[in-house]
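Read the sequence shown against our numbering and you will find it ends at 402, with the numbers running on by one and no gaps. Virtual Cβ for every residue (Gly too), placed ideally from N, Cα, C. Before any comments, here is the structure.
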Amino acid sequence: MKIKKIYLNNYRNYSDLRIDFSDGLNVIVGANAQGKTNLLEAIYMCSIGRSLRVNKEKQTINFDKNNAQIIVEIEKKYGRSTIDIILSRNAKKTVRINKIPIKKIGELMGELKAVFFSPDELKLIKESPEDRRRFMDISISQMSKNYFYMLNKYEKILANRNKLLKEELNKKTLKETLDIWNEQLATVGSKIIINRINFLKTLTPYAKLSHKYLTQDSEDIDLEYVGIIGENESDIKQIFLSELNKNFEKDTKLCYTTIGPHRDDIKVSVNGIDVRTYGSQGQQRTCALSLKLAELEIIEKNTGEKAILLLDDVLSELDSKRRKRLLNFCKKTQTFLTCTDFKGEADNIIKTSNGKVI
Ligand SMILES: Nc1ncnc2c1ncn2[C@@H]1O[C@H](COP(=O)(O)OP(=O)(O)OP(=O)(O)O)[C@@H](O)[C@H]1O
Ligand SMILES: [Mg+2]
45 MKIKKIYLNN
55 YRNYSDLRID
65 FSDGLNVIVG
75 ANAQGKTNLL
85 EAIYMCSIGR
95 SLRVNKEKQT
105 INFDKNNAQI
115 IVEIEKKYGR
125 STIDIILSRN
135 AKKTVRINKI
145 PIKKIGELMG
155 ELKAVFFSPD
165 ELKLIKESPE
175 DRRRFMDISI
185 SQMSKNYFYM
195 LNKYEKILAN
205 RNKLLKEELN
215 KKTLKETLDI
225 WNEQLATVGS
235 KIIINRINFL
245 KTLTPYAKLS
255 HKYLTQDSED
265 IDLEYVGIIG
275 ENESDIKQIF
285 LSELNKNFEK
295 DTKLCYTTIG
305 PHRDDIKVSV
315 NGIDVRTYGS
325 QGQQRTCALS
335 LKLAELEIIE
345 KNTGEKAILL
355 LDDVLSELDS
365 KRRKRLLNFC
375 KKTQTFLTCT
385 DFKGEADNII
395 KTSNGKVI
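Here you go:
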């Protein structure tokens, strides 16, 4: 899919912006603090329904205004569509697809398939397991609305189970009530886990290819799901249930659920070495990039539709060979690349200055 146009109204430092995009490489150039990342943030918001940069999305409304709007026009394999988001200081956010408001954010999943990469994405390798779970969850959700709904369901069951663990009940009553939540948690949790395991299975060969490509064959990446693993869903469910029982004392003492897909992780290794602990910064960055490029490939494989690629400020972080190879890879799909200066070939160069395109 491709974005043909964007319209921003009072979004961050853009008061009124309209841009037509090219199908290939769109380079957004400008000095610091001009609005390059803001533009990518707006595009990505139309993909995942929220800002990746801030939790309080009202912060994205222009300082002096009460409402903001983003509209994107998308061209898909079969037909066109529009997504628009209205943010308001004193009302709930409205998301519309083809002018029809959606009831649940899950309905937006997959409407604009996008892969986002910024220097911040180094977190994906370096930081807590939460970042790696988020990577899997956002990717799979773009390919399956159902998965997104399962995640929401799991969160609710988990919250109920944790609430119960905080209540001062006698052990017998607690155990009996927990059993009910355990069954539900394991039913939904095992579906999440099997989806993630399968996702990693499909992702790994593509990650290997893109990593080999970026590192000129010098590095071999590997991915492994760390957590409750099993051959199939029912297998995982049984293991999960027995782990929940085993952890009964621990969970009641700590007052939260210490095991489950909300605690799982991905182990990323390069040439057999755990890259989170031992990798160089450049190596970690390249791994994160390889995962994202692989994500792009499997979205296409699983849905028949190419995702758009959003690359924020990545060129300055890579050596010249990796940079060249990345730009070459971008030819595969519509790409939005931000940088402070650009030398090279692009289909469209957009110069930003203080919330305007010049
Ligand atoms: N809600 C808002 N209303 C108005 N302006 C805002 C708002 N939020 C952020 N800005 C402004 O947007 C600018 C930053 O934009 P952005 O992060 O897109 O910069 P950038 O071009 O990506 O810069 P860099 O090259 O440093 O990454 C800042 O000047 C900031 O003051
Ligand atoms: Mg920026």
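Using 10 angstroms around the beta-carbon of residue i, count the other beta-carbons present and answer buried if the total reaches 16, otherwise exposed.
i	result
Tyr-322	exposed
Ser-262	exposed
Arg-184	Note that residue 184 is Ile in the sequence shown, not Arg. When all chains shown are included, Ile-184 counts as buried.
Lys-281	buried
Glu-85	buried
Arg-176	buried
Asn-239	buried
Asn-99	exposed
Lys-245	exposed
Gly-348	exposed
Thr-379	buried
Arg-366	buried
Asp-60	exposed
Tyr-122	exposed
Gln-78	buried
Gly-316	exposed
Ile-144	exposed
Ala-135	exposed
Ser-162	buried
Within a Cβ cutoff of 6 Å, which residues of the same chain sit near residue i, ignoring the five residues on either side of it in sequence?
i	result
Gly-154	Gln-186
Gly-304	Gly-233
Leu-288	Asn-226
Lys-189	Gly-150 and Met-153
Val-116	Ile-47, Ile-50, Cys-90 and Ile-127
Flag this pair as yes or no: are the beta carbons of residue i and residue j separated by less than 9 Å?
i	j	result
Ile-310	Met-180	yes
Leu-96	Gln-328	no
Cys-383	Val-159	no
Ile-340	Thr-377	Reading off the sequence, residue 340 comes out as Leu, not Ile. Yes.
Leu-131	Glu-101	yes
Glu-277	Lys-235	yes
Gly-93	Ile-149	yes
Ile-47	Ile-352	yes
Asp-363	Ser-313	no
Tyr-198	Val-232	yes
Glu-211	Leu-218	yes
Lys-215	Thr-296	yes
Ile-343	Lys-350	yes
Leu-247	Leu-335	yes
Asp-308	Ile-237	yes
Asn-53	Ile-146	no
Have a look at residue i and residue j and give me their C-alpha separation to the nearest angstrom.
i	j	result
Leu-258	Gly-326	12 Å
Ser-125	Asn-142	6 Å
Ile-182	Phe-107	29 Å
Leu-209	Leu-222	8 Å
Ser-91	Leu-337	17 Å
Ala-75	Leu-359	15 Å
Asp-264	Val-319	11 Å
Ile-273	Asn-346	23 Å
His-306	Cys-331	23 Å
Lys-157	Ala-112	22 Å
Ile-393	Asn-70	6 Å
Lys-120	Cys-374	18 Å
Asp-128	Gly-68	23 Å
Ile-118	Ile-241	31 Å
Met-45	Asp-279	37 Å
Pro-249	Phe-243	11 Å
Lys-368	Asn-398	29 Å
Asn-196	Ala-230	14 Å
Phe-284	Gly-271	10 Å
Lys-109	Asn-291	51 Å
Asp-391	Phe-65	9 Å
Can you list, in chain order, the residues of its chain with a C-beta nearer than 7 Å to that of residue i? Leave out the 5 residues immediately preceding and following it.
i	result
Thr-81	Asp-356 and Thr-382
Gly-388	Leu-371
Lys-395	Val-73, Gly-74, Val-401 and Ile-402
Asp-385	Val-73
Quick one: measure Cβ to Cβ for residue i and residue j, integer angstroms, because I've assumed they're closer than 8 Å.
i	j	result
Tyr-51	Leu-354	Not a contact, Cβ separation roughly 18 Å.
Thr-104	Tyr-58	Thr-104 to Tyr-58, Cβ: 10 Å. No contact.
Grab me the residues of residue i's own chain with a C-beta within less than 8 Å of its C-beta, minus the 5 sequence neighbours each way, in chain order.
i	result
Asn-206	Cys-299, Tyr-300 and Thr-301
Asn-204	Trp-225
Leu-213	Thr-221
Glu-171	none
If you measure from the beta carbon of residue i to each beta carbon in chain D, is any gap under 9 Å?
i	result
Ser-324	Reference to chain D is not applicable here, since this structure consists of a single protein chain.
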